[in-house]
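There are 2 protein chains.
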Amino acid sequence: MARKTREEAEQTRHLLLDTAEQVFWEKGVAATSLADIAAAAGLTRGAIYWHFSNKLDLFNALCDRIIPELDSLDARLLDPAINPATRLWQHGHAMFALLHDSPRIRRICGIHHLGCEQVGEMAPLLLEQISWTQEKQAKLQQVLLCAQEQHLLRDDVDPKLAAIGLHSLYGGLIHSWLLAQDDRTIHHNLSALLSPYFEGIFKERCWLQPLPCAAE
Amino acid sequence: MARKTREEAEQTRHLLLDTAEQVFWEKGVAATSLADIAAAAGLTRGAIYWHFSNKLDLFNALCDRIIPELDSLDARLLDPAINPATRLWQHGHAMFALLHDSPRIRRICGIHHLGCEQVGEMAPLLLEQISWTQEKQAKLQQVLLCAQEQHLLRDDVDPKLAAIGLHSLYGGLIHSWLLAQDDRTIHHNLSALLSPYFEGIFKERCWLQPLPCAAE
DNA sequence: GTTTACATACATACACGGATGTATGTATTA
DNA sequence: TAATACATACATCCGTGTATGTATGTAAAC
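Protein chains in written order, with UniProt numbering: chain A, 1 to 216; chain B, 1 to 216.
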């Protein structure tokens with residue numbers, strides 16, 4: 001082969017990322033060699049080593065591609081025009097809608113949950129996940145605090161703990177979702193699955209009212 | 001070295017299992033070679049291949065050691081002498097007590113959540129986890145159905161979905177627990193973390209009443 | 001109660017493949 | 001013509017599985 005134009009090169013870079021995403025999801029990160037990826041992409045390891053320094057670099061690049069989508073998901077959490085309880089409710093639904101609609105999000109979440117080790121050599125991943133988790137919980141906590149100020153929270157609910165619980169519930173549901181991808185139970189009954197926790201946190205189904213200050 | 005007595009042999013077998021558990025948890029399963037384990041145990045690969053056929057066999061044997069503890073946990077779920085809601089409540093607390101008290105349970109759960117891949121070559125693990133998850137959810141559902149017959153459930157709650165939600169919440173909390181092992185927040189506030197979901201599922205805090213048929 | 005014969009519980013040694021990283025080749029393209 | 005975008009070739013190491021060695025425990029034979 002010979003040299004390609006810059007556009008074509010960028011194209012092969014994306015092809016490598018797409019292919020790696022597929023193979024990582026099918027075989028697991030550690031069990032996948034760079035030769036596997038190159039072969040699946042119809043290229044050679046030379047192409048990979050040209051665009052990336054090693055497997056970890058490739059993996060990180062591949063994961064970074066979904067950051068904007070995840071960020072835009074969180075952005076709507078802080079929209080003050082909507083009742084904070086409703087914001088959380090919609091945010092939960094938006095998360096699973098994203099998971100349902102985007103095969104890429106699904107695969108990368110799947111790789112993180114089931115397809116890679118996060119200890120030892122991959123410990124940086126773990127640290128990243130911890131900080132990401134804390135940020136996420138902080139955002140949830142912020143919205144819950146806002147709800148508390150508007151007297152939407154039940155009296156015995158601590159916003160910080162509710163944030164941890166909600167985040168854990170999301171994580172657990174995503175995990176169950178990924179375990180059986182073809183089972184649509186969670187997707188079709190998401191409201192019924194989330195309702196109990198919302199019921200236990202908020203007063204009088206206020207999360208179903210889009211108005212900014214429904215209660216009080 | 002020479003031959004040891006049967007007792008000593010059994011002892012080295014357990015030493016290998018203990019050591020593998022440690023190293024797998026520290027470095028991850030795929031990143032750990034049999035030579036690593038043997039060296040950490042002060043033995044050689046010969047000892048491992050004598051007692052186990054390969055790494056997967058060793059890993060399975062290591063995981064099987066916690067089955068009785070997990071089973072005894074579930075056994076108390078079906079004790080009809082106690083209010084089903086209370087049974088679920090106590091079961092949730094017992095799970096985290098076990099996680100807190102037993103380093104072995106903690107490590108093996110940690111390995112499953114963060115230290116091993118469950119796709120590709122390790123897919124049997126995934127299938128096992130799926131069937132285990134379904135069994136667990138079925139048990140929870142059974143207790144919830146029992147609660148429904150006693151009119152302890154809120155009217156709009158579906159036992160099957162509540163079982164999935166409860167199980168996911170447990171899984172997510174365990175994951176958060178394992179991510180930051182030295183953070184005792186979850187352990188110290190478990191009741192406050194579980195309460196919302198119970199509040200959303202059951203009527204009038206009936207899970208705090210140990211009597212068999214508190215409601216109706 | 002020895003002795004003998006075999007099984008046991010490993011350690012050591014070897015052969016093999018496979019993965020990595022790098023060095024080099026090569027045809028474009030800018 | 002020089003940098004680019006790869007493919008190819010090479011050297012190295014590491015992990016596995018197995019084969020073999022070996023000293024001891026163990027049980028039966030005598």
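C-beta: ideal position from N, C-alpha, C; glycine also.
Item: Which term fits B:Ala138, buried or exposed, when burial requires 16 or more other beta carbons within 10 angstroms of its beta carbon?; Value: exposed
Item: Are B:Cys206 and B:Leu152 close, meaning C-beta to C-beta below 8 Å?; Value: yes
Item: Can you say whether A:Arg87 is buried or exposed, counting buried as having 16 or more other CB atoms within 10 angstroms of its CB?; Value: buried
Item: Quick one: Cα of B:Val119 to Cα of A:Leu98, how far?; Value: 23 Å
Item: For A:Glu216, does the count of other Cβ atoms within 10 angstroms reach 16, so buried, or fall short, so exposed?; Value: The pLDDT assigned to A:Glu216 is 35, lower than 50, so where the model puts this residue is not dependable; a value taken from the coordinates is nonetheless given after this. Classification of A:Glu216: exposed, given that the 10 Å Cβ count is below 16.
Item: Could you check where the alpha helix (DSSP H) with A:Cys116 kicks off and where it finishes?; Value: Unbroken run through A:Cys116: none, as it is neither H nor E.
Item: Can you tell me the Cα-Cα spacing of A:Met1 and A:Val29, whole angstroms?; Value: Interpretation of A:Met1 is limited by its pLDDT of 48, a score under 50 that renders its predicted location unreliable; no figure is taken from the coordinates.
Item: Just the Cα atoms here: how many angstroms apart are B:Leu194 and B:Leu145?; Value: 19 Å
Item: Name the chain B residues that come within less than 9 Å of A:Cys206, Cβ to Cβ?; Value: Going along chain B, no residue has its Cβ under 9 Å from A:Cys206, so there is no contact; the nearest lies around 14 Å.
Item: When you check each C-beta in the stretch 184–199 of chain B against every C-beta of chain A, which residues fall closer than 9 Å?; Value: Thr185, Ile186, Asn189, Ala192, Leu193, Leu194, Ser195, Pro196, Tyr197, Phe198, Glu199
Item: For A:Cys116, go through chain B and note every residue whose CB falls closer than 7 Å to its CB, in chain order.; Value: Glu117
Item: Does DSSP put B:Ala214 in a helix, a strand or coil?; Value: Because the pLDDT of B:Ala214 is 39, which lies under 50, any placement of that residue in the model is unreliable, and the number read from its coordinates should be weighed accordingly. Of the three classes helix, strand and coil, the one that applies to B:Ala214 here is coil, per DSSP.
Item: Taking Cβ to Cβ, would you say B:His113 is nearer than 8 Å to B:Leu190?; Value: no
Item: With the cut-off set at 8 Å, would you say A:Gln129 and B:Leu179 are in Cβ contact?; Value: yes
Item: Quick one: which chain A residues come within Cβ less than 7 Å of B:Leu173?; Value: Ser168
Item: Identify, in the order they occur along the chain, each residue of the same chain with its Cβ nearer than 8 Å to the Cβ of A:Ala197, setting aside the five sequence neighbours on each side.; Value: Inspection of the sequence shows that residue 197 of chain A is occupied by Tyr rather than by Ala. Closer than 8 Å at the Cβ level, and outside the excluded window around A:Tyr197, lie Gly165, Leu166, Leu169.
Item: Let me see if you follow: with CB-CB separation under 8 Å, is A:Ala31 close to chain B or not?; Value: yes
Item: Name the DSSP bridge partner or partners of B:Phe96?; Value: According to DSSP, which records beta bridges pairwise, B:Phe96 is partnered with nothing at all.
Item: Any beta carbon from chain B within less than 8 Å of A:Leu34's own beta carbon?; Value: no
Item: Note down the Cα distance separating A:His91 from A:Asp74, rounded to an integer number of angstroms.; Value: 8 Å
Item: Taking just the CA atoms, how far does A:Gln22 sit from A:Arg76?; Value: 30 Å
Item: From the DSSP secondary-structure annotation, give me the bridge partner or partners of A:Phe202.; Value: A:Leu153
Item: Cα-Cα, which of B:Pro68, B:Asp71, B:Gly42, B:Leu34 is closest to B:Ser53?; Value: B:Leu34
Item: In the DSSP assignment, find the alpha helix (DSSP H) that holds A:Lys4 and state where it starts and stops.; Value: Per DSSP, A:Lys4 belongs to no alpha helix (DSSP H) and is neither H nor E.
Item: Would a check of beta-carbon distances place B:Thr133 closer than 8 Å to chain A?; Value: yes
Item: Which residue marks the beginning of the alpha helix (DSSP H) containing A:Asn60, and which one marks its end?; Value: 55–64
Item: Taking only beta carbons into account, state which residues of the stretch 86–101 of chain A come closer than 9 Å to chain B, listed in chain order.; Value: none
Item: Quick check: what's the CA-CA separation for B:Ala31 versus A:Ala9?; Value: 33 Å
Item: How far does the alpha helix (DSSP H) with A:Ile67 in it reach, from first residue to last?; Value: 67–75
Item: Is A:Leu126 close to the ligand PLP? I mean its beta-carbon at under 7 Å from any heavy atom of the ligand.; Value: The ligand PLP is not part of the structure shown, which contains no ligands of any sort.
Item: Looking at C-alpha atoms only, which residue of B:Gln134, B:Trp177, B:Met122 is the closest neighbour of A:Gln134?; Value: B:Trp177
Item: Specify the secondary structure class of A:Phe52 as computed by DSSP and reduced to three states.; Value: coil
Item: What in chain B is Cβ-close to residue 219 of chain A, meaning under 9 Å?; Value: Lying outside 1 to 216, the shown extent of chain A, residue 219 of chain A is not represented and no answer is given.
Item: Going along chain A in order, which residues have a C-beta closer than 9 Å to the C-beta of B:Leu126?; Value: Leu114, Leu179
Item: Three or more C-beta pairs closer than 8 Å, one from the stretch 13–21 of chain B and one from the stretch 34–53 of chain B: is that the case here?; Value: yes
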